[in-house]
């Protein structure tokens, strides 16, 4: 029984620590204040709850279990509220959202950096105008060539 | 007990990472958020050190620490907006 409790407690502690580490990884790697708030609020709260449950399983007694239930309830309630309060204050102070660098729906997936969109649209316009100019010259070539092609047909008829 | 040691190392690394975010965070909200995570890490470290030291007072400290952590998060969020709600 004691062995089973020890194995269960160690598993809970390691799981909680790994969840907490994933929250810290999100804190480093996420690009935005709001996404960092989300990673801290979920992973931090659940990870600490798992660690405390594991320590209770390692040192079981009645008073420890009662106090740990109080701690888990407080942690469940307060970590989410703290995260929401910090995210709301970030929104109120005008922390900028993460600018999306890559839009699949817009102009078949070219990279449009911040501030370069105008240049990129100019590139698109110049490319389109170049295409239309090529098409115009091509049609002009066709229009020039077709009379020359037709004239030998017409001229024999007209002369004949 | 080796599991407790491994968890202590992982939590200490997470605390170091959140300290890095406090130092270089671009906005104040990032710093407040990283401080929140650092406080959670300290709570977990207190619990794990209590297991290692076999102290009977760990859970009393944990109750006080969760309450203080909640108050610190709320007051940091309040201080970011300069008292405006």
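Residue numbers (this note's numbering), protein chains in the order written: chain A, 1 to 160; chain B, 1001 to 1085.
Don't be surprised by glycine CBs; every beta carbon is placed ideally from N, CA and C.
On a predicted model such as this, the values are computed, not experimentally measured, just so you know.
Distance between residue j and residue i (C-alpha atoms, nearest Å)
i: residue 18 of chain A; j: residue 1013 of chain B; result: 11 Å
i: residue 1004 of chain B; j: residue 1052 of chain B; result: 8 Å
i: residue 1061 of chain B; j: residue 99 of chain A; result: 43 Å
i: residue 26 of chain A; j: residue 1063 of chain B; result: 27 Å
i: residue 1067 of chain B; j: residue 74 of chain A; result: 7 Å
i: residue 1073 of chain B; j: residue 51 of chain A; result: 21 Å
i: residue 1065 of chain B; j: residue 61 of chain A; result: 21 Å
i: residue 1077 of chain B; j: residue 90 of chain A; result: 8 Å
i: residue 65 of chain A; j: residue 1001 of chain B; result: 20 Å
i: residue 1007 of chain B; j: residue 87 of chain A; result: 29 Å
i: residue 1020 of chain B; j: residue 71 of chain A; result: 28 Å
i: residue 7 of chain A; j: residue 85 of chain A; result: 37 Å
i: residue 63 of chain A; j: residue 56 of chain A; result: 10 Å
i: residue 1030 of chain B; j: residue 36 of chain A; result: 7 Å
i: residue 1026 of chain B; j: residue 94 of chain A; result: 13 Å
i: residue 1022 of chain B; j: residue 1032 of chain B; result: 8 Å
i: residue 67 of chain A; j: residue 1058 of chain B; result: 10 Å
Cβ-based burial, residue i [other Cβ within 10 Å; buried from 16]
i: residue 29 of chain A; result: exposed
i: residue 3 of chain A; result: exposed
i: residue 1103 of chain B; result: In the structure displayed, chain B extends from 1001 to 1085; residue 1103 of chain B sits before or after that span and is not available.
i: residue 1024 of chain B; result: exposed
i: residue 1040 of chain B; result: buried
i: residue 1017 of chain B; result: buried
i: residue 1071 of chain B; result: exposed
i: residue 39 of chain A; result: buried
i: residue 118 of chain A; result: Because residue 118 of chain A sits at a pLDDT of 45, beneath the cut-off of 50, its placement in the model cannot be relied upon, and the point is left open.
i: residue 41 of chain A; result: buried
i: residue 1009 of chain B; result: exposed
i: residue 9 of chain A; result: buried
i: residue 997 of chain B; result: Coverage of chain B is limited to positions 1001 through 1085, which leaves residue 997 of chain B absent and any answer about it impossible.
i: residue 1075 of chain B; result: exposed
Member of the options whose CA lies at the smallest distance from the CA of residue i
i: residue 1015 of chain B; options: A/10, A/48 and A/9; result: A/48
i: residue 1034 of chain B; options: A/91, A/5 and A/82; result: A/82
i: residue 77 of chain A; options: A/16, A/58, A/44 and A/93; result: A/44
i: residue 97 of chain A; options: A/15, A/8, A/34 and A/79; result: A/34
i: residue 20 of chain A; options: B/1043, B/1079, B/1049 and B/1069; result: B/1043
i: residue 13 of chain A; options: A/79, A/67 and A/46; result: A/46
i: residue 5 of chain A; options: A/79, A/53 and A/15; result: A/53
Could you run through the segment 49-76 of chain A and flag, in chain order, every residue whose CB is less than 7 Å away from some CB of chain B?
-> Here the close residues are 51, 52, 55, 58, 59, 64, 67, 68, 70, 71, 74 and 75.
Looking at chain A, which residues of the segment 1035-1059 of chain B have a Cβ within less than 8 Å of any of its Cβ atoms?
-> 1036, 1037, 1040, 1041, 1043, 1044, 1047, 1048, 1050, 1051, 1054, 1058 and 1059
Pull out every residue of the segment 29-49 of chain A whose Cβ sits closer than 8 Å to any Cβ of chain B, in chain order.
-> Against chain B - using a Cβ distance shorter than 8 Å - the residues of the segment 29-49 of chain A are 33, 36, 37, 40, 44, 45, 47 and 48.
Chain B contacts made by the segment 77-101 of chain A, where a contact means CB separation under 9 Å | Under the 9 Å Cβ criterion, the segment 77-101 of chain A contributes 77, 78, 79, 81, 82, 83, 84, 85, 86, 87, 88, 89, 90, 91, 92, 93, 95 and 96.
Could you list the residues in the segment 1013-1031 of chain B with a C-beta less than 9 Å from some C-beta on chain A, going in chain order?
-> 1013, 1014, 1015, 1016, 1017, 1018, 1020, 1021, 1025, 1026, 1027, 1028, 1029 and 1030
What alpha helix (DSSP H) runs, 4 residues minimum, are completely inside the segment 50-105 of chain A?
-> 62-92
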